[in-house]
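Numbering (my numbering), first residue to last: 8 to 288. Yeah, the Cβ is synthetic: ideal placement off N, Cα and C, and Gly gets one too. Small disclaimer: the values here were computed from a predicted structure and weren't measured. Worksheet: one structure, shown below.
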């Protein structure tokens, strides 16, 4: 006689076009019994919230592995948790680069295959009213564009450059700092990602420097206009953190950003990631 107990996914929508709250226990999640359903929901809903699930680092790593292939921070790296903060006393030199995370972006736009998803656990929130994490469904934003606008932009290509993010938080950087960012590289990508599932999403955000073949002013108007469209209320969700919360988001169909907080507040998140499974094109 089997001791296996059936596990039912318990979930509730947060907003019509983005976000679902998962209410299963830690033990149910770690069992892997509903991981297939969770994987589907990540793609369908963009953002999944696990209120005060209080995973330890080891449990977060184990749960990540139930959903796909664990993605280390660097090739050949260990399966470890990454602390996420812009406090230089904790993050060191990485804190400078993470300042770009305060603006809408997609991770991995200089890679052929970006990560599938990130899992972020709150170890210490910043004071209430600061330090939320915002999410924007670029699937839903594409779906709701008028057909004539879709036709205008569907075949456009965009230069994505991590160095472009520097000017969001440091408008007059030193040449040495700019050269450090330039060394990261850049990549030309489609503005509209045609996914293997048949769905489409916008590839925009603060790494999107310019539309190929367009004059600078027209290029800026296209990219700023699409960002403004995609970050409307109906396409976005802002998560106010409580210690112990965990959030998963689909990096292939959402943008995200950390909302402003004082670097000295102690805000600390622990991140794991899922290896990418689909190229941009």
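- Using a Cβ-Cβ distance cut-off of 8 Å, the segment 15-34 and the segment 236-246 are in contact, since at least three pairs of beta carbons, one from each stretch, lie closer than that value.
- Bounds of any alpha helix (DSSP H) do not take in residue 194; it lies within the beta strand (DSSP E) bounded by 194-197.
- Residues 163, 165, 226, 229 of the same chain have their beta carbon placed closer than 6 Å to that of residue 218, with the five preceding and five following residues left out of the count.
- Taking a contact to require three or more Cβ pairs closer than 8 Å, the segment 117-133 and the segment 271-286 qualify as touching.
- At least 7 Å separates the beta-carbon of residue 129 from that of residue 262.
- Between residue 264 and residue 110, the C-beta spacing is below 7 Å.
- The criterion of a C-beta distance shorter than 7 Å is satisfied by residue 160 and residue 198.
- Proximity to residue 36 across 49, 26, 57 peaks at 57, based on C-alpha coordinates.
- For residue 215, there is no enclosing alpha helix (DSSP H); the enclosing beta strand (DSSP E) covers residues 215-218.
- DSSP places residue 75 outside both helix and strand once states are collapsed to three, so it counts as coil.
- Annotated three-state conformation of residue 50 is helix, per DSSP.
- With a minimum length of 4 residues, the unbroken runs of alpha helix (DSSP H) contained wholly in the segment 126-180 fall at 145-150, 154-160, 169-176.
- The distance from the Cβ of residue 127 to that of residue 258 is about 11 Å, inconsistent with a contact at the 8 Å cut-off.
- DSSP, read as helix, strand or coil, puts residue 56 in strand.
- DSSP places residue 264 within a strand segment (E or B) once states are collapsed to three.
- In terms of Cα proximity to residue 114, the closest of 103, 137, 172 is 172.
- Here DSSP, grouped into helix, strand and coil, assigns residue 97 to helix.
- When beta bridges are read from the DSSP output, residue 90 appears opposite 277.
- Counting along the chain, residue 183 sits inside the alpha helix (DSSP H) bounded by residues 182-189.
- When 133, 26, 223 are compared, the shortest CA-CA separation from residue 250 is found for 133.
- The shortest CA-to-CA distance from residue 278 to any of 30, 135, 178, 70 is the one to 70.
- The C-beta separation of residue 168 from residue 236 comes to about 22 Å, leaving the pair out of contact by the 8 Å criterion.
- Taking a C-beta distance under 7 Å as the contact criterion, residue 59 and residue 252 qualify as a contact pair.
- With a cut-off of 8 Å on Cβ pairs, the segment 101-109 is not in contact with the segment 194-212, counting fewer than three such pairs.
- Residue range 207-209 is occupied by the beta strand (DSSP E) that includes residue 209.
- The C-alpha of residue 72 lies about 14 Å from the C-alpha of residue 63.
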